[in-house]
Amino acid sequence: MTGLSVRNVSYAYGDKRALDDVSFHVPQGAFCALLGPNGAGKSTLFSLLTRLFTTAQGVIEVAGFDISQQPRQALAQIGVVFQQPTLDLDLTVHRNLSYFAALHGLSGRTAESRIAAALERLDMAERASERTRDLNGGHRRRLEIARCLIHAPSVLLLDEPTVGLDAAARSAITQHVHDLSAQDGLTVLWATHLTDEITPDDQLAILHRGKMLTQGTCRDIKGDQPLQQVFLSMTGAAT
Amino acid sequence: MSGALIALRAILIREALRFARQRSRFIAALVRPLVWLIVFAAGFRAALGLSITPPYQTYITYEIYIVPGLCGMIMLFNGMQSSLSLVYDREMGSMRLLLTSPLPRWWLLFCRLLASTTISILQVYTFLAVAAIYGIDMPWYGYLCVFPALIVAGLMLGALGLALSSAIKQLENFAGVMNFVIFPMFFLSSALYPLWKMAESSALLRDICALNPFTYAVELIRFALYGQFNGSALGWTILAGLAFLGLALWGYDPARGIKRPGR
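Taken in order, these protein sequences are the chains called A and B. The opening position of the first sequence corresponds to residue 1 in this note's numbering, with each subsequent residue numbered one higher. The opening position of the second sequence corresponds to residue 1001 in this note's numbering, with each subsequent residue numbered one higher.
Following this line, the structure appears as structure tokens:
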């Protein structure tokens, strides 16, 4: 099985249950929005998907690799953008990327060509020598997305990557990642609480209070209603 | 070059660049032991009589005695500084980047440890060079023999920093490390006074000093600076290093998660 598969995953912080028997599947090449209000368990799920945490309850497979049995192979298939920025602001754009490439075992000409291609893909090539601190928020996010492509992953995980960005930057980044899925066949899991980042053709999984409420295509889930209204009614925030 | 070595080189370069950027950190790391050497040791020179004990073969001044302890002090502070930057990395998020690499987690943490030790050793040699210019020098071969001792001591103290960083929840808690780790480790050791001298004041304090792994790191450096090998100091330093490393690996075990701000 390819893509991303999560089966019966649970996780608790002490007595507080953060994820309760969560299951969903994102087929290879699909863009799946993981929609949930703050505190739904999205970031906990991302920590499990990237093996920052492990859990004995449930199975996570990335591109066919079980993350608990084959963590190195699974992590090599993942490109991740965390909600919290993970750039070294005092290093140049290029230095940030080459550091990341090295953490994935890439150096020399291979790393250079991958870095150049990733920067080109995100329209960041002319900024390679700039200090990261000098970039605006939108460009920093783009840089993080460029970075997560360097090791040619097959699955992209993005945890609320548009938080704190203005409308134009948010729209551009959302479109870039949709393109990566549509044109390059990357499997994308995009965590968000903003319904306007999701298109009707996207896969959709709604997480609330650690439970998976529903999953399917956005078009099927929302029907004739606005997604925002469906989301609010499902999560009880509309009442 | 294998992926593991590529990552090691990148982590070493990153830490070296970070250190080079923090010029004040380097100056502080150098000034601190030099103040002890030039001011504190000068004051104590008359007050503290030292008998001839190994590795010394003749009477020495207090400035000579204190040099290995100050080398250890540099490594102790650097180990804690490294711990501080790990906590900072965790709060800033870049620790996540490191830990989501497909390389084994123990290797990634060891790379950080090695990077911190390398910086420690550079600082110690700079300090020894300044001390030599000041007139407090060691036998020439001591500067060579001390290199492996500095690696072992640096790794042990770095591993302590690594273990602490997994336990410290927030950057603000770091002041506690100064009060409860650095100062007791430094003062309750043979860095400033030999254990027999401590025993004259209190046998209990001497016993506490003898349990302190920092004492063994200092003695390892002291003997190496005179081209001598202290097997028990090496053994205890390695043992303590392995224990701290084990604690650090346990602290960073993904089954325990990583500490997050506010949680």
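Yeah, the Cβ is synthetic: ideal placement off N, Cα and C, and Gly gets one too. No experiment lies behind these values; they were computed from the predicted model shown.
Taking beta-carbon pairs under 7 Å, can you tell me which members of the segment 132-159 of chain A lie near chain B? none
Could you please give me the residues that DSSP links to A/His79 through a beta bridge? On the first sequence, residue 79 of chain A is found 79 positions in, with the first residue counted as 1. Correcting the residue type first, residue 79 of chain A is Gly in the shown sequence and not His. A/Gly79 is bridged to A/Leu156.
Could you confirm whether any beta carbon from chain B is found closer than 9 Å to the beta carbon of A/Gln69? As a working mapping, residue 69 of chain A is identified with position 69 in the first sequence. Output row for A/Gln69: interface = no.
Can a CB atom of chain B be found closer than 9 Å to the CB of A/Leu104? On the first sequence, position 104 is the one that residue 104 of chain A refers to. Note that residue 104 of chain A is His in the sequence shown, not Leu. A/His104 counts as touching chain B.
Give the single residue among B/Gly1142, B/Ser1189, B/Glu1200 whose Cα lies nearest to the Cα of B/Gly1069. Mapped onto the second sequence, residue 1069 of chain B falls at position 69. It is B/Ser1189 whose Cα lies nearest to the Cα of B/Gly1069.
For chain A, is any of its Cβ atoms less than 9 Å away from the one on B/Ile1168? Position 168 of the second sequence holds residue 1168 of chain B. By this cut-off, B/Ile1168 is not an interface position.
Other residues of its chain near A/Phe100: CB distance less than 7 Å, five sequence neighbours each side excluded: Locating residue 100 of chain A in the first sequence gives position 100, where the first residue counts as 1. Here the set comprises Arg147, Ile150.
Own chain partners of B/Ala1153 with C-beta closer than 7 Å, once the 5 adjacent residues on each side are dropped: Along the second sequence, read from residue 1 onward, the residue named residue 1153 of chain B stands at position 153. Cβ neighbours of B/Ala1153 beyond the five flanking positions: Gly1072, Met1075, Ala1217, Leu1220, Ile1221, Thr1237.
Are A/Glu130 and A/Val93 closer than 9 Å when you measure CB to CB? In the first sequence, residue 130 of chain A corresponds to position 130, counting from 1. In the first sequence, residue 93 of chain A corresponds to position 93, counting from 1. Yes, Cβ-Cβ distance for A/Glu130 and A/Val93 is below 9 Å.
Helix, strand or coil: how does DSSP classify B/Tyr1059 here? If you number the second sequence from 1, residue 1059 of chain B lands on position 59. Here B/Tyr1059 sits in coil by DSSP.
Show which residues of chain B have a CB atom less than 9 Å away from the CB atom of A/Pro200. As a working mapping, residue 200 of chain A is identified with position 200 in the first sequence. What A/Pro200 touches in chain B: nothing, since even the nearest Cβ is about 32 Å away.
C-beta contact flag for B/Met1156 and B/Ala1240 at 9 Å: Here the question's residue 1156 of chain B lines up with position 156 in the second sequence. Here the question's residue 1240 of chain B lines up with position 240 in the second sequence. In this structure, B/Ala1240 lies closer than 9 Å to B/Met1156 by Cβ.
Express the C-alpha separation of B/Phe1040 and B/Tyr1059 in angstroms, rounding to a whole number. Translated into the one-based positions of the second sequence, residue 1059 of chain B becomes position 59. Translated into the one-based positions of the second sequence, residue 1040 of chain B becomes position 40. Each residue's alpha carbon lies about 19 Å from the other.
Rounded to the nearest angstrom, how far is the Cβ of A/Ala116 from that of A/Ala125, given a contact under 8 Å? The residue labelled residue 116 of chain A in the question sits at position 116 within the first sequence. The residue labelled residue 125 of chain A in the question sits at position 125 within the first sequence. Their Cβ separation, rounded to whole angstroms, is 7 Å, which keeps A/Ala116 and A/Ala125 in contact under 8 Å.
Between A/Val80 and B/Ile1168, what straight-line distance do the alpha-carbon atoms span, to the nearest angstrom? As a working mapping, residue 80 of chain A is identified with position 80 in the first sequence. As a working mapping, residue 1168 of chain B is identified with position 168 in the second sequence. Taking C-alpha positions only, A/Val80 is separated from B/Ile1168 by approximately 26 Å.
Answer yes if the segment 1184-1203 of chain B comes into contact with the segment 1101-1112 of chain B, meaning at least three C-beta pairs across the two stretches below 8 Å, and no otherwise. These segments do not touch.
B/Ile1151 and B/Val1067 closer than 9 Å at C-beta: Reading the second sequence from its first residue, position 151 is the one you call residue 1151 of chain B. Reading the second sequence from its first residue, position 67 is the one you call residue 1067 of chain B. No, Cβ-Cβ distance for B/Ile1151 and B/Val1067 is not below 9 Å.
Nearest-angstrom Cα distance between B/Pro1139 and B/Leu1114? Counting from 1 along the second sequence, the entry for residue 1139 of chain B is found at position 139. Counting from 1 along the second sequence, the entry for residue 1114 of chain B is found at position 114. Rounded to whole angstroms, B/Pro1139 to B/Leu1114 spans 27 Å at the Cα level.
Is it buried or exposed for A/Lys16, if we count other Cβ within 10 angstroms and need 16 for buried? Here residue 16 of chain A is taken as the residue at index 16 of the first sequence, counted from 1. Label assigned to A/Lys16: exposed.
Who are the Cβ neighbours of B/Ser1083 in its own chain at under 6 Å, not counting the five residues just before and after it? The count along the second sequence starts at 1 and reaches residue 1083 of chain B at position 83. Closer than 6 Å at the Cβ level, and outside the excluded window around B/Ser1083, lie Gly1161, Leu1164, Ser1165.
Hey, would you say A/Gly41 sits closer than 9 Å to A/Gly210, going by beta carbons? If you number the first sequence from 1, residue 41 of chain A lands on position 41. If you number the first sequence from 1, residue 210 of chain A lands on position 210. Yes, they are a contact pair.
Give a yes or no on whether the minimum CB-CB distance between B/Met1198 and chain A is below 9 Å. Residue mapping note: residue 1198 of chain B aligns to position 198 of the second sequence, counting from 1. It does not: the Cβ of B/Met1198 has no partner Cβ on chain A nearer than 9 Å.
On the premise that A/Thr132 lies in contact with A/Asp88, defined as a C-beta separation below 8 Å, what is that separation, rounded to the nearest angstrom? As a working mapping, residue 88 of chain A is identified with position 88 in the first sequence. As a working mapping, residue 132 of chain A is identified with position 132 in the first sequence. 7 Å between Cβ atoms; contact.
Within chain B, partners of A/Phe100 - CB distance below 8 Å: Taking the first sequence and counting its residues from 1, the one referred to as residue 100 of chain A is at position 100. Near A/Phe100 (Cβ distances below 8 Å), the residues of chain B are Leu1097.
Flag this pair as touching only if the segment 190-210 of chain A and the segment 155-169 of chain A have three or more C-beta atom pairs under 8 Å; answer yes or no. yes
Quick check on A/Arg7: buried or exposed, where buried means 16 or more other Cβ atoms within 10 Å of its Cβ? Residue numbering aside, residue 7 of chain A sits at position 7 when the first sequence is read from its first letter. Its Cβ having fewer than 16 others within 10 Å, A/Arg7 is exposed.
At what residue ranges does the segment 1107-1178 of chain B contain a whole run of the alpha helix (DSSP H), taking only runs of 4 or more? 1140-1167, 1174-1177
Separation of A/Pro71 from B/Ala1243, as counted between CA atoms: As a first step, residue 1243 of chain B is located in the second sequence; it is residue number 243 there, counting from the start. As a first step, residue 71 of chain A is located in the first sequence; it is residue number 71 there, counting from the start. Roughly 26 Å separates the two Cα atoms.
Contacts of A/Ala128 in chain B (Cβ-Cβ under 8 Å): Locating residue 128 of chain A in the first sequence gives position 128, where the first residue counts as 1. In chain order: nothing, as chain B lies at least about 17 Å away.
Would you say A/Gln57 reaches chain B, if we count a Cβ-Cβ gap shorter than 9 Å as a contact? The count along the first sequence starts at 1 and reaches residue 57 of chain A at position 57. Answer no: the Cβ-Cβ gap between A/Gln57 and chain B never drops below 9 Å.
Using three-state DSSP, classify B/Asn1230 as helix, strand or coil. Taking the second sequence and counting its residues from 1, one reaches residue 1230 of chain B at position 230. It is coil, neither helix nor strand.
Rounded to whole angstroms, what's the CA-CA distance from A/Leu180 to A/Gln73? Just pull it up for me. Stepping through the first sequence from its first residue, residue 180 of chain A is reached at position 180. Stepping through the first sequence from its first residue, residue 73 of chain A is reached at position 73. The alpha-carbon atoms of A/Leu180 and A/Gln73 are separated by roughly 22 Å.
Does the segment 1020-1034 of chain B come within contact of the segment 1123-1133 of chain B, defined as at least 3 CB pairs closer than 8 Å? yes
Which class does A/Arg17 belong to by DSSP, given the choice of helix, strand or coil? As a position in the first sequence, residue 17 of chain A is number 17, starting the count at 1. In this structure, A/Arg17 counts as strand in the three-state DSSP scheme.
Can you tell me whether DSSP reads A/Asp184 as helix, strand or coil? As a working note, residue 184 of chain A is residue 184 in the first sequence. Helix at A/Asp184.
Could you check the C-alpha separation between B/Ser1116 and A/Thr217 for me, to the nearest Å? On the second sequence, residue 1116 of chain B is found 116 positions in, with the first residue counted as 1. On the first sequence, residue 217 of chain A is found 217 positions in, with the first residue counted as 1. Near 50 Å, if we compare the C-alpha coordinates of A/Thr217 and B/Ser1116.
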